[in-house]
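Student:
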Amino acid sequence: MAEKVLMKGNEALAEAAIMAGCRHYFGYPITPQTEIAAYMAKRMPLIGGTFLQAESEIAAINMVYGAAAAGKRAMTSSSSPGIALKSEGISYLAGSDLPALIINVQRGGPGLGGIQPSQSDYFQATKSAGHGDFHLIVLAPASVQEMVDLTFKGFDLADKYRMPAMLLSDGTMGQMMEPVTLDMGKVTEYDKSSWAACGTKCEREHNVVNSLFIQPDELEKYNFERFERYAQIEANEVMYDEYRMDDAEICIVAYGVAARVSQNAIDKARENGIKVGMIRPITLWPFPKAVLNAAADKVKAFISVELSMGQMIEDIELAIRCKKPVLLCNRTGGMIPTTNDVLSKIEEANNIGGDK
Amino acid sequence: MVVFEKPHALADVPLHYCPGCTHGIIHRLVAEVIDELGIEGRTIGIAPVGCSVFAYNYFNCDMIEAAHGRAPAVATGVKRSDPDNNIVFTYQGDGDLAAIGTAETVHAAARGENITVIFVNNAIYGMTGGQMAPTTLPGQVTQTSPYGRDTSKVGFPVKVCEMLSNVDGAAYLERVAVNNVKNVKNAKKAIKKAFQNQLDGKGFSLIEVVSTCPTNWGLTPEKALEWLEENMLPYYPLGVYKDKFAEKEDK
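So the protein lines, in turn, are chains X and V.
Counting in my numbering, the first sequence runs without a single skipped number right up to 363 at its last residue.
Counting in my numbering, the second sequence runs without a single skipped number right up to 1086 at its last residue.
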């Protein structure tokens, strides 16, 4: 049994990346994720890895693109405004079918916004991480342990499906300390020789890493193929957690820090006799549509608890085909809903139908 | 007896470049150098956005297509992924390298990134149909400077070699041209040195090749070469702008 250690979310994530075999980190300072870069700056030189502070977020993601194109596990981390700058490179990673891990420790926006925790990059991460037809695998940790586990998982999924993955965290997860286990098992090695640009050794045809296809039918073909892969991911890689859903009449949907607040509110509401539970998406893309749709046949209402102005709520409504009302319990700009905020929304949901 | 053949590093495919364009010559020089140094199997080229966007089809070494201006950052990622083995070059035009990618260029040089940059300066955006480039000459007519580049409104051309010569991390900077046999020979010597520097771990080398764009200059290939001599070369003088290690050897 592996030893538990007390670690800060950002640092635990960084160590997990190293344990996942990542030896190439490229970043740029931005609050509240800078501990990741600082940790990598300390560790990478000691293990023969690369830590490089780029001149910009744009350069950092393109360095990741280069290292990934050469067949290496590579990552970058940033926070909301910085992720916006990376979106060009993220689209190129997707278009060139390159695996990489991108960490977004979200802060409030829009614009320069603030430096407090937020979930307002949900749309950006799940719908439009860059131009063109593509998806990212989006993983949402709700504890320091999940920062570790999902970093490991993120690298693996990225390699398995040859696409970029994003860990969508927030300032709370990044900054808080919790006991974690860093025992994640064996790293699966993927054979990249058929596509990586790492030198032909004059033994094979040259590999070309590219996202340009001037012939529209050819570009369409590649997009179709990519979406066939995405369909497999939607079928096989959905992750979520259920909390007290067995007899629930109200279903909270929340991820990350919002899920932790919601869990406390659920326990309190249960003490008052309200049957409420939670489905917590761990993958935001692919979104746990099936389990939500099934829950819609059992519960009378959903509540989306978010640190944003109602972004995930749209995916919930789509997943349940608007069969039941979905209430929104939210704060934004760096504010976090309190247990009482969620509790009053649970009571409001409980009054739907008027007979209780 | 074979007296002339295609370099092995140059793919045996038709190039898409316009008649009279000098990209073909520069591609060939790069490929000859790769052959002569015996490094094809460990070379990774980075193609830009611009006329040479399809360069990934023209070299037999592994190739990566980069976003506009980002080639030096991509090259950094590739180089750092296996610094002892990988020989990495970027091939970029003036819009790519000196406008949208200025930051990537300057900082790759400042880091002394051990890569080779081939910079093709023909004073115009070719691929998009002839717009004003960062290197468009004062008074030069382009699609987006239809009355001639007015320096009082849009400023002056960027002289890349001169600018980078003040960057401590840059090892070797030379401006060459491919408008006549003598200059082509010099250009090849410079390109070879820029790759050799990388093999020797000397750091950032950039070769600026002053080139033509007959199509967007609206000139015949022959007239374009004359225009280059009369207008480009006085503004962009050829020569070595920095050779960090030669200076040391002299002392």
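Built from N, CA and C at the ideal position, the CB exists for glycine as well.
What does X/E249 pair with, by DSSP beta-bridge criteria?
Tutor: Taking the first sequence and counting its residues from 1, the one referred to as residue 249 of chain X is at position 242. For X/E249, which the question treats as bridged, DSSP gives the partners X/I286.
Student: Quick check on this structure: which residue in V/M836, V/A890, V/G876 and V/L872 has the alpha carbon closest to the alpha carbon of V/H862?
Tutor: Translated into the one-based positions of the second sequence, residue 862 of chain V becomes position 27. V/H862 has its Cα closest to that of V/A890, out of V/M836, V/A890, V/G876 and V/L872.
Student: Helix or strand or just coil, what does DSSP make of X/P88?
Tutor: Looking up residue 88 of chain X in the first sequence gives position 81. In the structure shown, X/P88 sits in a helix (DSSP, three-state: H, G or I).
Student: Give me the subset of the stretch 68-95 of chain X whose CB atoms are less than 9 Å from a CB atom of chain V, sorted by chain position.
Tutor: Those residues of the stretch 68-95 of chain X that come within reach of chain V (Cβ to Cβ, closer than 9 Å) are I68, N69, M70, V71, Y72, G73, A74, A75, A76, A77, G78, K79, A81 and E95.
Student: Residues in its own chain within less than 6 Å of X/N230 by CB, not counting five upstream and five downstream?
Tutor: Walking along the first sequence from the start, residue 230 of chain X turns up at place 223. The residues are D140.
Student: Measuring only the C-alpha atoms, how far is V/N892 from X/G16?
Tutor: As a working note, residue 892 of chain V is residue 57 in the second sequence. As a working note, residue 16 of chain X is residue 9 in the first sequence. Between V/N892 and X/G16, the C-alpha separation is close to 44 Å.
Student: What does a CB cutoff of less than 7 Å around V/L1054 pick up in its chain, not counting 5 residues either side in sequence?
Tutor: Position 219 of the second sequence, counted from the first residue, corresponds to residue 1054 of chain V. Within the same chain, V/L1054 has close Cβ partners W1062.
Student: On the criterion of 16 or more Cβ atoms from any shown chain inside 10 Å, does X/T198 qualify as buried, or is it exposed?
Tutor: Here residue 198 of chain X corresponds to residue number 191 of the first sequence, with the count starting at 1. Looking at the sequence itself, residue 198 of chain X is Asp, so the reference to Thr does not match. Flag for X/D198 reads exposed.
Student: Are the C-beta of V/R915 and some C-beta of chain X separated by less than 9 Å?
Tutor: Sequence index remark: in the second sequence, residue 915 of chain V carries index 80 (1-based). Chain X, which has a Cβ nearer than 9 Å to the Cβ of V/R915, makes this yes.
Student: Residues of the stretch 886-913 of chain V with a CB closer than 9 Å to any CB of chain X: list them in chain order, please.
Tutor: Taking 9 Å as the Cβ-Cβ cut-off against chain X, the residues of the stretch 886-913 of chain V that qualify are V888, F889, Y891, N892, F894, N895, C896, D897, M898, I899, E900, A901, A902, H903, G904, R905, A906, P907, A908, V909, A910, T911, G912 and V913.
Student: Within 9 Å of any Cβ in chain X, is that where the Cβ of V/I879 sits?
Tutor: Locating residue 879 of chain V in the second sequence gives position 44, counting from the first residue. Judged by the 9 Å Cβ criterion, V/I879 is in contact with chain X.
Student: Can you tell me whether X/K363 is buried or exposed, with buried defined as 16 or more other CB within 10 angstroms of its CB?
Tutor: As a first step, residue 363 of chain X must be located in the first sequence, where it is residue number 356. Residue confidence is low: X/K363 scores 42 on pLDDT, short of 50, so the model does not pin down where it sits. Its coordinate-derived value is still stated next. By the 10 Å Cβ count, X/K363 comes out exposed.
Student: Please specify which runs of the alpha helix (DSSP H), each continuous and at least 4 residues long, are wholly inside the stretch 166-191 of chain X, giving them in chain order.
Tutor: Runs found: 178-182.
Student: Contact criterion: CB-CB distance below 9 Å. Does X/K363 meet it with respect to chain V?
Tutor: Counting from one through the first sequence, the residue named residue 363 of chain X turns up at place 356. Model confidence at X/K363 stands at a pLDDT of 42, short of 50, so the residue's coordinates are unreliable; what they give is reported in the following sentence. Output row for X/K363: interface = no.
Student: What did DSSP end up calling V/V1044 once you bin it into helix, strand or coil?
Tutor: Taking the second sequence and counting its residues from 1, one reaches residue 1044 of chain V at position 209. It is a strand residue.
Student: Identify the residues that DSSP records as bridge partners of X/Q222: which are they?
Tutor: The residue given as residue 222 of chain X occupies position 215 in the first sequence. Bridge partners of X/Q222: none, in fact.
Student: If you follow the beta strand (DSSP E) that V/L1034 is in, where does it begin and where does it stop?
Tutor: The sequence position of residue 1034 of chain V within the second sequence is 199, counting from 1. It is not in any beta strand (DSSP E) - V/L1034 instead sits in the alpha helix (DSSP H) that spans V1016 to L1034.
Student: Which residues of the stretch 923-940 of chain V have a Cβ closer than 7 Å to any Cβ of chain X? Give them in chain order.
Tutor: Cβ contacts with chain X: A938 and E939.
Student: Applying the criterion that 16 or more other CB atoms from any shown protein chain within 10 Å of the CB defines a buried residue, is X/I323 buried or exposed?
Tutor: Within the first sequence, the letter at position 316 stands for residue 323 of chain X. Its Cβ being crowded by 16 or more others within 10 Å, X/I323 is buried.
Student: How is X/Q40 classed by DSSP in three states: helix, strand or coil?
Tutor: By one-based count along the first sequence, residue 40 of chain X stands at place 33. In this structure, X/Q40 counts as coil in the three-state DSSP scheme.
Student: Exposed or buried, X/Q239, counting other C-beta atoms within 10 Å across all chains shown (16 or more means buried)?
Tutor: Mapped onto the first sequence, residue 239 of chain X falls at position 232. By the 10 Å Cβ count, X/Q239 comes out exposed.
Student: Going along chain C in order, which residues have a C-beta closer than 9 Å to the C-beta of X/L59?
Tutor: Absent from the structure is chain C; the protein chains it does hold are X and V.
Student: My guess is that X/K331 and X/A308 are in contact by the Cβ rule of under 8 Å, so how many angstroms apart are they, rounded?
Tutor: In the first sequence, counting from the first residue as 1, residue 331 of chain X sits at position 324. In the first sequence, counting from the first residue as 1, residue 308 of chain X sits at position 301. At roughly 6 Å, the Cβ-Cβ gap stays under 8 Å, so X/K331 and X/A308 are in contact.
Student: V/H942 touches chain X at which residues, Cβ-Cβ below 9 Å?
Tutor: Numbered from its first residue, the second sequence carries residue 942 of chain V at position 107. By Cβ distance, chain X contributes A61, E62, S63 and A66.
Student: Compare the C-beta of V/K921 with all C-beta atoms of chain X and state if any pair is closer than 9 Å.
Tutor: Against the second sequence, residue 921 of chain V aligns to sequence position 86. Checking the sequence, you will find Asn at residue 921 of chain V rather than Lys. Yes, its Cβ sits closer than 9 Å to a Cβ of chain X.
Student: In terms of residues, what are the limits of the beta strand (DSSP E) holding V/A893?
Tutor: As a working note, residue 893 of chain V is residue 58 in the second sequence. Here residue 893 of chain V turns out to be Tyr, not Ala, going by the sequence shown. No beta strand (DSSP E) holds V/Y893; the alpha helix (DSSP H) holding it covers A890 to Y893.
Student: Would you tell me roughly how many angstroms separate the C-alpha atoms of V/R905 and V/L932, rounded to the nearest one?
Tutor: Residue 905 of chain V sits at position 70 when you count from the first residue of the second sequence. Residue 932 of chain V sits at position 97 when you count from the first residue of the second sequence. Rounded to whole angstroms, V/R905 to V/L932 spans 8 Å at the Cα level.
Student: Using the beta-carbon count (16 or more within 10 Å), is V/E900 buried or exposed?
Tutor: Taking the second sequence and counting its residues from 1, the one referred to as residue 900 of chain V is at position 65. Looking at its Cβ environment, which holds 16 or more other Cβ atoms inside 10 Å, V/E900 is buried.
Student: Look at the Cβ atom of X/G55, then the Cβ atom of X/A44, and state whether they are nearer than 9 Å.
Tutor: Residue numbering aside, residue 55 of chain X sits at position 48 when the first sequence is read from its first letter. Residue numbering aside, residue 44 of chain X sits at position 37 when the first sequence is read from its first letter. No, these two residues do not count as a Cβ contact at 9 Å.
Student: Anything in the stretch 190-208 of chain X with a Cβ closer than 9 Å to a Cβ of chain V? List those residues in chain order, please.
Tutor: So the list reads A203, A204, C205, G206, T207 and K208, given in the order they occur along the chain.
Student: Thinking just about the alpha-carbon of each residue, which of V/A1022, V/E1043 and V/V993 is nearest to the one in V/I1099?
Tutor: Examination of residue 1099 of chain V is not possible in this model, given that chain V is present from 836 through 1086 alone.
Student: For a contact defined as C-beta to C-beta under 9 Å, what are the partners of V/G1036 on chain X?
Tutor: Numbered from 1 along the second sequence, position 201 holds the residue referred to as residue 1036 of chain V. Those within 9 Å of V/G1036 in chain X number zero; the least Cβ separation is about 16 Å.
Student: Identify the contact partners of V/G876 in chain X, using a Cβ-Cβ distance below 9 Å as the criterion.
Tutor: Residue numbering aside, residue 876 of chain V sits at position 41 when the second sequence is read from its first letter. Chain X residues near V/G876: G206, T207, K208, C209 and E210.
Student: Under a three-way DSSP split, which group does X/S311 fall into?
Tutor: Within the first sequence, numbered from 1, the residue matching residue 311 of chain X stands at position 304. X/S311: strand per DSSP, three-state reduction.
Student: Would you kindly work out how many angstroms separate the C-alpha atoms of X/M316 and X/P52, rounded to a whole number?
Tutor: Position 309 of the first sequence holds residue 316 of chain X. Position 45 of the first sequence holds residue 52 of chain X. Cα-Cα distance, rounded: 42 Å.
Student: May I have the straight-line CA-CA distance separating X/G340 from X/A265, to the nearest angstrom?
Tutor: Within the first sequence, numbered from 1, the residue matching residue 340 of chain X stands at position 333. Within the first sequence, numbered from 1, the residue matching residue 265 of chain X stands at position 258. Going by the C-alpha atoms only, they are around 14 Å apart.
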